[in-house]
Amino acid sequence: MKTFIITGAVWHGVGSGIRHTYFNYVDQVTRHINVIFHRQLPSFCGRLNPTASSQLSRCVTVCRSYATLDKRYSRPSNLLVENCSTTVTGFITTRNKSRRRNKNKLETNEKLLQLLNTMPKKVDVKVLQEARLAKKQRIKKYPPSTVYLQVLGSGAPGAPRSLYVFTEHARYLFNCGEGCQRMAYEHKVKLSMMEHIMVTHKSWQNVGGLPGLLLTLQDTGVPEITLHGPPGIETLYFDTRHFIRFRNLNISYNHYTSNDGKFGSKEDPLSIQYVPLWATTMSNSEEEAEVKENLEVKTEAGHDTTASQVSTSAGNLNGTEECVDYYAHERGNGKRTGGDGAAVMAKRPKKEESVLTRNLAVAYICQPPPKAGALILEKCVKFGVPPGPLLGELKRGNDVTLPNGNVVRACDVTNPDDPGPVFIVVEAPSKAYLESLLASPQFLPYQSTAQSDADLAEVVVHFTSMEVVEDPRYQEWMARFSPSTQHILINDQNTCMGSEAIHRIQYKLNLLSPSLFPLLQDKSLPLKDSLDSDLLRRDSNCVLPEKAMQDNVNCGSEVNDGNKSLETSHKHITGPVTKGRTLLTYYLRPRKKLQREIGTIIDPKTYIQECYDNEGFEEALKAFKDSVGELKESSGEEHPHIVFLGTGSCIPNKTRNTSGILLNLSLDKSLLLDCGEGTYGQMVRYYGIQGADKLLQNLSAIYVSHLHADHHIGLINLLLARRKAFQKMQVSKVPPLVLLAPSRIMNYLSSYHANFEDILENISLTPNHKFLTSRQDVEKEAHKELCHTLDMKAVDMTYVEHCPNSFGVALTHTNGWKVVYSGDTMPCKGLVDIGQDCDLLIHEATMEDELLEDALIKTHSTTSQAIQIGVEMKAKHIILTHFSQRYAKVPLLSDTVPANVGIAFDNMKVGLQDLPNLHYLYPAMVAMFAEDYDEMLDKTAKKKAARALAQKEELEVEMLDKTTKKALAQNVDLDAELSKTEKKAVQASMQKELDGETRGKGLGS
Ligand SMILES: [Zn+2]
Ligand SMILES: [Zn+2]
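When you read off a place in the sequence shown, starting at 1, and then add 3, the result is the number in my numbering.
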């Protein structure tokens, strides 16, 4: 019997599909072999799928520490795992690369070659998805025993609005406002079992978080998402596909008229009924009638495949629009996993449907399946039921006769059946929808007119704005529900921003310098110190309408909400009304109803204590204060100054949002450099609602450096908020905002304008390329105009080295100061040219120096590269930003960072006079976030070791290849061919790997 070793490298970063493949390989090449894994065996066994484990009947490990690791993992019972020290007779090295190498080299052995050729080349996602589906079918047999609704985003200005519905079988999301994924991430709301996203109306506040969320869902391995709502919501998906990579996520769309307006059967975790609500408008009622008629005819015909439940191959995607691939550079390097364009996507909806259904809202009537009441064992004992089959009968609802002749009725020993409580999600986007709402008969069976109490709606969640809620007609509709029905409002009159993490870090940084890190103006969460009084108020969380409307129940003490309109009394409504706040939970099953837990609070004392708990922090803080002398306690009025709103790359994490840099030029002029998802939310947190309004009115221009989502997806929200800010001032004609961006951004904005909401009249685009140094003679007028708008002497742009149409910019003010912003780029000569002698260079530094290779692949810069550009530019000061998500707190810098370099943080405010002090912050920050910092150092060390190991292994592979080749050719025992030195080398490398494997997973990409 031969014993083979599968070396550890295979478990690094490959999916189980590949592992599976190797079992095929091993099984077919040498039957009845022992397979030795020396690494990660336990975790691997824990994850073995049934097919793989059946192919591998015997598994031996030489790893000594296995015995201790073993306990943490379960493993398939049919797999025999032994500890052994058998002689090693051969190696199958399973590195991806070496496999390919084998393929090229082992020409001598035809059998082996044949096998290698028949091995699947790609990770078989299908197999995994099938397994997932099978599991789902298994649990689907039982109705869910836990069903709850949870407010994820309250809908407050700057906060997302979204309702999360949990069942054990699947998760649902109703609306997905901008910032949803960040909120879900902070509050550990699991997205991996998400299956359906319902949209009530086509507006940014309902879909703004969708592109980002879909991306996150894909990364968590969700195979398919179904979108529900008005036709055309999926256009968002189409329009973002150039700058968001969807690979293995299937998106299908369910038409609101399909299947009689119903979705889900009795076995599904939720059965859903769609209720279309049409706006009554004067202008296009004829067209609308036609569309409505068409939609309905299709349903009757029952074979509409154009818009309902469609998913087609991505091959059809290349429509008429341009198809610039902003991620081509990454693919070119072969680093991309998954099949190219493997995602299956919904078809683009017909344009007229999509456009006209802007006047359509969809409400959802939802019901979990009924569940039989549980057996009450105490009662069974009381009635004298013996253990055994009779209990089963009772559980099934059948009456039984005991041996002594007594009859026990099932209803006497079980809890009552749960018929499945109904909840309704509704939005009337404006008063124009009220007529339709009042006329919709679908709600009647769940209102006071219900046939039985069990049919009465348990909860109604309103995404309707307060202005409409207060309309007497809406009140009339609400009054039709039973007094027992709970109403939850998720709209812009709420104030809960929902995030604690952002405050936590700001309180800490504020210790270093209150002027650089002022406390946030967002007062929507209660402070722990004032909690006693809060608790009293909170206790009245679920109150009668008059009180609920008057009381800003859910949020902290100093809410600046201007909620006068709330004070109108609502005499009609008879049920309890509660304002939504993040994590407010309503349990439908088990029926625990509204949960009154405190939820998120701000606890400054604890945050500060956390800092001082770090060894050396106090000294570092003192050293910092000594170095900078007296940092001016600035009032924020000096100009120019910069507020960093987002300093992370790719997707937002708890403490760093995606790119957004606010350049406040003067009291009434500001320029925003890039605008990632959630930028408006960041503004509201930093400035408060009124402050953000004022800022938006003073915003002279937005500059978008390139079309990656993390630099511009927040734009639409900002435009809408800006329009609102002007409308609050009774300004009827909102001046268009100067948008400096790659011209292709208009494809996306125009499509949104056509399919969702009007936005174009609020934008005046001047394409970035007009400001290229080479073009400025030709574009004199545009240049002059922009300089005038921004009080600049010069605005210079240059192409940088990132994706197509990426720009860097240099701004020279009439007062003489000069600021340069790199956008995303590798080290770029053009930027050096336009940035000469600037006062400040803001440069991306996505990666630490150790990850040079990754930086290259993703066309980003390392910290040292960014600093080098500053040196070449002769920049007086450099601020690094756009850090990879692995540096959530502090990035790793080399020891030789020059004294003019600082690190950007979210919510950091920097004036020109602060620049010399920034350098001293870093040591204090390292002390403050010591734990994170150490972990990062660890990861880097590990990465270094892994790289060294990989190089070594490659050498070994080459060596072993030779041996194997020879042995196979001569058909001799491999063991005899392996020299002692080779064995030793491998064993040493094993040990080294094991030593390195003390911490969690490797770095993400
Ligand atoms: Zn970026
Ligand atoms: Zn980018």
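Backbone N, C-alpha and C define an ideal beta-carbon position, used for all residues, glycine too.
Candidates the options: closest to residue i by CA position
i      : options                           : result
ALA413 : GLY400, THR404, PRO419 and PRO424 : GLY400
ASN765 : LEU722, TYR755, ILE860 and ALA953 : LEU722
GLU622 : GLN700, ALA927 and PRO233         : ALA927
LEU136 : GLU381, LEU166, THR801 and GLU227 : GLU227
ASP421 : SER864, THR149 and GLN700         : THR149
ASN720 : MET201, GLN208 and HIS172         : GLN208
ASP677 : ILE692, ILE379 and ASN660         : ASN660
LYS374 : PRO419, LEU597 and ASN362         : PRO419
TYR449 : TYR145, GLN524, GLN276 and TYR590 : GLN276
LYS144 : GLU847, GLY264, LEU359 and GLU171 : GLU171
ALA949 : GLN871, TYR923, GLU853 and VAL913 : GLU853
LEU921 : HIS805, GLN839, LYS628 and GLY649 : LYS628
MET791 : THR817, HIS805 and LEU763         : The question names Met, but residue 791 is His in the sequence shown. Among THR817, HIS805 and LEU763, the Cα nearest to that of HIS791 is on THR817.
PRO2   : LYS947, VAL913, PHE932 and SER357 : Outside the shown range of the chain (4 to 1008) lies residue 2, about which nothing can therefore be said.
Exposure label - residue i; buried when at least 16 CB within 10 Å
i      : result
GLN140 : exposed
THR283 : exposed
PRO739 : exposed
GLU381 : exposed
ALA442 : exposed
ARG594 : exposed
GLU788 : exposed
MET552 : Because MET552 carries a pLDDT of 34, less than 50, the predicted location of this residue cannot be relied on, and the following value inherits that uncertainty. With 16 or more Cβ atoms within 10 Å of its Cβ, MET552 is classed as buried.
VAL798 : buried
PRO234 : buried
MET732 : exposed
LEU710 : buried
ARG98  : In this prediction, ARG98 scores a pLDDT of 36, lower than 50, which makes its location untrustworthy; no coordinate-derived value is stated.
GLY649 : buried
ALA902 : exposed
ALA944 : exposed
Residue i: CB within 7 Å of a non-hydrogen atom of ligand 1
i      : result
ASP696 : no
PRO827 : For clarity, residue 827 is Asp in the given sequence; the question names Pro instead. Indeed, a heavy atom of ligand 1 lies less than 7 Å from the Cβ.
SER662 : yes
ASP713 : yes
SER433 : no
SER867 : no
HIS885 : yes
SER864 : no
SER652 : yes
Beta-carbon gap between residue i and residue j smaller than 8 Å
i      : j      : result
GLY663 : GLY651 : no
THR3   : VAL463 : Missing from the structure shown is residue 3; the chain here goes from 4 to 1008 and no further.
GLY180 : GLY232 : no
ILE881 : ALA907 : no
ALA159 : ASP495 : yes
THR417 : ILE379 : yes
VAL201 : ARG174 : In the sequence as displayed, the identity of residue 201 is Met instead of Val. In this structure, ARG174 does not lie closer than 8 Å to MET201 by Cβ.
SER867 : ALA858 : no
VAL803 : LEU844 : no
SER777 : LEU742 : no
ARG701 : ALA891 : Residue 701 is actually Asn in this sequence, not Arg. It is not a contact, given that the beta carbons lie outside the stated cut-off.
SER887 : LEU793 : no
ALA869 : GLU847 : yes
PRO163 : ILE716 : no
Chain D within 8 Å of residue i, Cβ atoms only
i      : result
LYS269 : Structure shown: chain D not included; a single protein chain is present.
Closer than 7 Å: residue i CB and nearest ligand 2 heavy atom
i      : result
HIS805 : yes
HIS709 : yes
Enumerated in chain order, which unbroken segments of the alpha helix (DSSP H) with a length of 4 residues or greater are wholly contained in the segment 789 to 853?
-> 832 to 838
Where are the beta strand (DSSP E) runs, 3 residues long or more, that stay fully inside the segment 346 to 380, in chain order?
-> You should have 363 to 370.
May I have a chain-ordered list of the alpha helix (DSSP H) segments no shorter than 4 residues that lie completely inside the segment 152 to 210?
-> 183 to 189 and 207 to 210
Counting only runs that start and end within the segment 860 to 926, where is the alpha helix (DSSP H) found for 4 or more residues in a row?
-> If you keep only unbroken alpha helix (DSSP H) runs of at least 4 residues inside the segment 860 to 926, you get 866 to 876.
Uninterrupted beta strand (DSSP E) stretches inside the segment 723 to 774 (no shorter than 3 residues) = Counting only runs of at least 3 residues, the segment 723 to 774 fully encloses the following beta strand (DSSP E) elements, listed from N- to C-terminal order: 740 to 744 and 766 to 770.
May I have a chain-ordered list of the alpha helix (DSSP H) segments no shorter than 4 residues that lie completely inside the segment 484 to 532?
-> 504 to 515
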